[in-house]
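Visitor: Here's a structure for you.
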Amino acid sequence: MNTRLVKAQPADVLKDASMIKQKEMMAKHYDRLTDAPQTGAKVASTFVPGNLNELIMCFDLVNNLPEVNAIQSGLRRQSGAYIMEAERAGHSEDVCTYVKSDIGMMLKGNIGPNGKELPKPDVLLLSYTGCFTFLKWFELLREQYKCPTIFLQTPYMADGKVTPNMVQYMVKQLKETVIPTLEEVSGVKFDIDRLREYLKKSAQAEDDLVHILATGKNKPSPIDAYFGGIYYIGPIFGAFRGTDDAIDYYRFLREEVEARMAKGLGPVTPDGQMTEEKYRLVVEGPPNYTSFRQFWKMFYDEGATVVASSYTKVGGTYDYGFRHDPDRPLESLAEYCLGVYTNRSLPMRIDMLSDYINEYEADGLLINSIKSCNSFSAGQLLIMREVEKRTGKPAAFIETDLVDPRYFSAANVKNRLESYFQMVEQKRSGKGAAA
Amino acid sequence: MTKQPVSDIVARCEALYDDLSFSAAREWKEAEPGRKVIAYMPVYVPRELIHAAGMMPLGIMGGGDNLEVIHGDAYYQSYICRIPRSTIELGVSGRLDFVDGMLFPSICDVIRNLSGMWKMLFPDTYVKYFDVPQTYVDEIGGTFYTGEMRELLHDLEKIAGREITDDDIRASIEVYNENRRAVNELYALRAREPWKAPGSEAYLVLRAGLLLPVEEHTRLVREYVAAASAEDRPIKDNSRVILTGMFCEQPPLNLIKSLELSGCYIVDDDFVLVSRWLLGDVPTDGDPVHNLSQAFLHRSMSTAAKYEPDQEEKGQFLVRAVRDTGAEGVIFASTSFCDPALLDRPILQNVLKRADIPFIAFKYAENSGQMQPIREQAGTFVDSIKLWSAA
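Residue numbers (this note's numbering), protein chains in the order written: chain Z, 1 to 435; chain D, 1001 to 1391.
Next up, the structure:
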């Protein structure tokens, strides 16, 4: 059953300075996109995991991310109508709601979050990384837009390692298919030194992001690495990796977080400063966007801070040491795609989550299982049991969806969370062990 | 060769289909010490490589409608398809305890993640996610794919405890070429005279190929084709249809029988695609791994699990199948929650609309029991074809 929610008014919501800055960056980017027909800029649609923003910028293309558009539609409570529009057009109720939100938005005029029409892409860069649905999604878009579609396949890291065959395959695709087609579409000749320059900038911002996310190890954590984390990853997972804007943003954010940490403060929530950190959680899976604020509130009202999350690693597992490397530009892009969270095997994901619980001294694992996302969700029940077994910390499971409001049942989620926090309390007091 | 009646051949195939202990594969393994069985899931693996290692490939298509899933449901949310949960049930219930390895082909995120789950649940079994290229340029996808196959060969050599030579692989390619020829004869007979080789029987004969040594299956297919051709069966006033979307989780036998009872002659389908994935013979001279790679890249089936680089070509395989088999319509039968099939469906339906080919769509699961709605829908479809297509 869905619960009718009171929409948050902008004036009600408290944001820290970095969030405001991030919002301005995103707004600026959407203006670049919607102004493209006037400015003559060409647009490349692509995906967040396996996002090759540095390469796209080498061809003066503007990066458009359908997943981010779906998120924006979800946050603005528009995705429900878009999804139903897509279902009326013949799309199954069973499949990914990101796809249906995107298709529905297209069918209803493709109006972006700034209220202006998003341009048709000049090229679809199908970076097939960690999600099978991407492949079908861009076949669906190609049918509508009839524009060149570039396929870049990222082999799955099933055995927990990157083999030379995988890297060579990706580099060959980049050299022989991706780059020549981008040259053709854009009319810009590829300059590897320009790519190196962007990669150097990426690595700089990545250093700061890693530092920021690692502050979750502090007690109290100055950040919420899931709800707040979504703001933090926006620029680097989107259209800003490799830019000076990203360097400035992450430096600014780092300073802000460090200042908060120095004062012993917790994260800033939409209702203000968190005063008490009662529970420290690791969260696996994406959030729900249609009731994002309400969902977050269920955590901070209980004094629960997310100290680490897997969702903030879908656009790169930088905390495991990866940095874009200007000395090995194409290999580095390949290794980036190979390493993203959703391209990692289930055993690797279990290792990561268990490590997070230990390193961040979390009270347990919470899995938000997303109906739309088989890449994340298939196997999560085994992940939960295995992480619980390894860490001895309690785990819990809730079910929602990314952008389909029909699958967010506030009462159910709240009940489960409250039960979970009780379980954590019991575990702390030793009663769990006796049970 | 003693001629067997069709009913005996079909009864044998049905017994194999119903046997969730995989007795035939167990018996094959026990017949000689040191024999190994390597299982695989849909859609495609190069079975020739397993055969060349002296091992038996065993196709696992889930548990079907006869398996009670007790443990498997505890591993999956309600919105995940049934094949992984029934496959886990087969594993945890010990029905696959004789299997030495399990291959999970690249088909979708659910099967992909199941490969990791299998590693966790069965740490003593060889587990491989078998990645295939989605790009079809020789120097790019082909090189990657030969690399993946060589890695698999290397692993199989370790399990077999012996080297696998190129001649071994060439000999196995020939054995599978023969099997493909036999299966193609079966499909040709059914397309030509579907009243002689009903879809439900062809399905059982095909399913047997997952569970028997390939040489035995080739003989069985040929016996069936000969016996069915000779059988005098009445021609019904059915419509000729193609079934599509069933490439992974297989339909229950009753679903196919229900479609036939509602007036469909199934003249083509995508059941058990591994049997027909490679189109035509694979050359047996030269580098055998390269030959398998070339066949995959340039002469293999189209399905939703595969990327189609050419927009103009997208869905044309269905239009061609309709024309080649004289089909009058297409039935999209997709597994519930199957992302590849369900996301592909609207594109394919648009292609059929443009080609003026009628179609219907429904969903099923491998354990679907209630056939009445499907029978009614298919019956109405057949009636509409009869009423309107001839006009």
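No residue lacks a Cβ here, since even glycine has one placed at the ideal position from N, Cα and C.
Along chain Z, in chain order, which residues have C-beta atoms closer than 8 Å to that of Ile1080 (chain D)?
Guide: Those are Asn374, Ser377 and Ala378, listed as they occur along chain Z.
Visitor: Any beta carbon from chain Z within less than 8 Å of Leu1392 (chain D)'s own beta carbon?
Guide: This structure cannot speak to residue 1392 (chain D), because chain D is shown only from 1001 to 1391.
Visitor: Strictly under 8 Å for the Cβ-Cβ distance: is Asp438 (chain Z) near chain D by that measure?
Guide: Chain Z is shown only over 1 to 435; residue 438 (chain Z) falls outside these bounds and no answer can be derived.
Visitor: The alpha helix (DSSP H) spanning Tyr250 (chain Z) covers which residue range?
Guide: Tyr250 (chain Z) -> alpha helix (DSSP H) spans Asp244 to Ala262.
Visitor: Smallest Cα separation from Gly272 (chain Z): which of Z:Ile223, Z:Lys100 and Z:Ile83?
Guide: Comparing Cα positions, the closest option is Z:Ile223.
Visitor: For Ala1197 (chain D), report the span of its beta strand (DSSP E) as first-last.
Guide: Unbroken run through Ala1197 (chain D): none, as it is neither H nor E.
Visitor: Tell me whether Gly1063 (chain D) is buried or exposed, calling it buried when 16 or more other Cβ atoms sit within 10 Å of its Cβ.
Guide: Buried: at least 16 other Cβ atoms inside 10 Å.
Visitor: DSSP state of Tyr277 (chain Z), grouped into three classes?
Guide: Residue identity differs from the one stated: residue 277 (chain Z) is Glu in this sequence, not Tyr. Correct three-state label for Glu277 (chain Z): coil.
Visitor: Per the DSSP calculation, Lys42 (chain Z) is bridged to which residue(s)?
Guide: Lys42 (chain Z) pairs with Z:Leu61.
Visitor: Which two residues bound the contiguous alpha helix (DSSP H) that contains Phe138 (chain Z)?
Guide: It spans Thr133 to Tyr145 - the alpha helix (DSSP H) in which Phe138 (chain Z) sits, taken as one unbroken run.
Visitor: Give me the chain Z residues within the contact set of Asn1350 (chain D), using Cβ-Cβ distance strictly less than 8 Å, ordered along the chain.
Guide: Chain Z residues near Asn1350 (chain D): Glu143.
Visitor: Just the chain Z side, please: which residues come within less than 8 Å of Asp1131 (chain D) by C-beta, in chain order?
Guide: The answer, in chain order, is Pro155, Tyr156 and Ala158.
Visitor: Find the residues of chain D that neighbour Cys337 (chain Z), judging by a C-beta separation of less than 9 Å, and give them in chain order.
Guide: Near Cys337 (chain Z) there are no residues of chain D at all, since even the closest Cβ is about 14 Å away, more than 9 Å.
Visitor: Would you call Thr1165 (chain D) buried or exposed, if buried means 16 or more other Cβ atoms sit within 10 Å of its Cβ?
Guide: Classification of Thr1165 (chain D): exposed, given that the 10 Å Cβ count is below 16.
Visitor: Starting from Thr97 (chain Z), follow the alpha helix (DSSP H) in both directions and report where the run begins and ends.
Guide: Element bounds for Thr97 (chain Z): Thr97 to Leu107.
Visitor: So what does Ile367 (chain Z) bridge to, in DSSP terms?
Guide: Z:Glu284 and Z:Phe397, per the DSSP bridge assignment.
Visitor: Could you tell me which chain Z residues have their CB closer than 9 Å to the CB of Phe1332 (chain D), listed as they occur along the chain?
Guide: Here the premise fails: no neighbours, minimum Cβ distance about 10 Å.
Visitor: State the start and end residues of the unbroken alpha helix (DSSP H) segment that holds Tyr198 (chain Z).
Guide: First-last of the alpha helix (DSSP H) with Tyr198 (chain Z): Ile192 to Ala214.
Visitor: Could you tell me whether the Cβ atoms of Met1301 (chain D) and Leu1273 (chain D) are closer together than 8 Å?
Guide: Going by C-beta atoms, Met1301 (chain D) is nearer than 8 Å to Leu1273 (chain D).
Visitor: Please identify the residue among Z:Phe295, Z:Ala410 and Z:Ile212 whose C-alpha is closest to the C-alpha of Val307 (chain Z).
Guide: Of the candidates Z:Phe295, Z:Ala410 and Z:Ile212, the one whose C-alpha sits nearest the C-alpha of Val307 (chain Z) is Z:Ile212.
Visitor: Would you say Asn165 (chain Z) faces chain D, with C-beta separation under 8 Å as the test?
Guide: Yes, because at least one Cβ of chain D sits closer than 8 Å to the Cβ of Asn165 (chain Z).
Visitor: Unbroken alpha helix (DSSP H) runs of length 4 or more, entirely within the region 303-375 of chain Z: which are they?
Guide: Correct list: 329-339 and 346-359.
Visitor: Taking Cβ-Cβ distances below 8 Å as the criterion, which residues of the region 90-116 of chain Z are in contact with chain D?
Guide: So the close ones are Gly90, His91, Ser92, Asp94, Val95, Cys96 and Val99.
Visitor: Assuming contact is defined by CB atoms lying nearer than 8 Å, are Glu388 (chain Z) and Ala395 (chain Z) in contact in what I supplied?
Guide: Yes, they are a contact pair.
Visitor: Of all the options Z:Glu361, Z:Gln380 and Z:Leu118, which has the alpha carbon lying nearest to the alpha carbon of Arg428 (chain Z)?
Guide: The shortest C-alpha separation from Arg428 (chain Z) is found at Z:Glu361.
Visitor: Quick one: what does DSSP say Phe408 (chain Z) is sitting in, helix, strand or coil?
Guide: Residue state, collapsed to three classes: coil.
Visitor: Between the Cα of Val48 (chain Z) and those of Z:Thr317, Z:Val282 and Z:Pro347, spot the shortest distance and give me the residue it belongs to.
Guide: The candidate whose alpha carbon is nearest that of Val48 (chain Z) is Z:Thr317.
Visitor: Tell me which same chain residues have a C-beta within less than 7 Å of the C-beta of Asp327 (chain Z), skipping the five on either side of it?
Guide: Closer than 7 Å at the Cβ level, and outside the excluded window around Asp327 (chain Z), lies no residue.
Visitor: Determine the DSSP secondary structure at Phe1359 (chain D), reduced to helix, strand or coil.
Guide: Three-state DSSP puts Phe1359 (chain D) in a strand.
Visitor: Nearest to Ser1200 (chain D) by CA position, among D:Val1322, D:Cys1108, D:Gln1316 and D:Glu1260, is which residue?
Guide: For Ser1200 (chain D), the nearest C-alpha among the options comes from D:Glu1260.
Visitor: Could you tell me the boundaries of the alpha helix (DSSP H) in which Ala1445 (chain D) lies?
Guide: Here chain D covers residues 1001 to 1391 and nothing more, so residue 1445 (chain D) does not appear.
Visitor: For the 8 Å Cβ check, are there 3 or more pairs between the region 342-352 of chain Z and the region 17-24 of chain Z?
Guide: Result no; under three Cβ-Cβ pairs closer than 8 Å.
Visitor: If you measure from the beta carbon of Gln1311 (chain D) to each beta carbon in chain Z, is any gap under 8 Å?
Guide: For Gln1311 (chain D), the answer is yes, since a Cβ of chain Z falls inside 8 Å of its Cβ.
Visitor: According to DSSP, what are the bridge partners of Val1330 (chain D)?
Guide: The partner list for Val1330 (chain D) (beta bridge, DSSP) reads D:Ile1242 and D:Phe1359.
Visitor: Is the beta carbon of Asn63 (chain Z) closer than 8 Å to that of Ile71 (chain Z)?
Guide: Cβ distance not < 8 Å, so Ile71 (chain Z) and Asn63 (chain Z) don't count as in contact.
Visitor: So if DSSP puts Thr1335 (chain D) in a beta bridge, which residue, or which two residues, is it bridged to?
Guide: Paired residues: D:Tyr1364.
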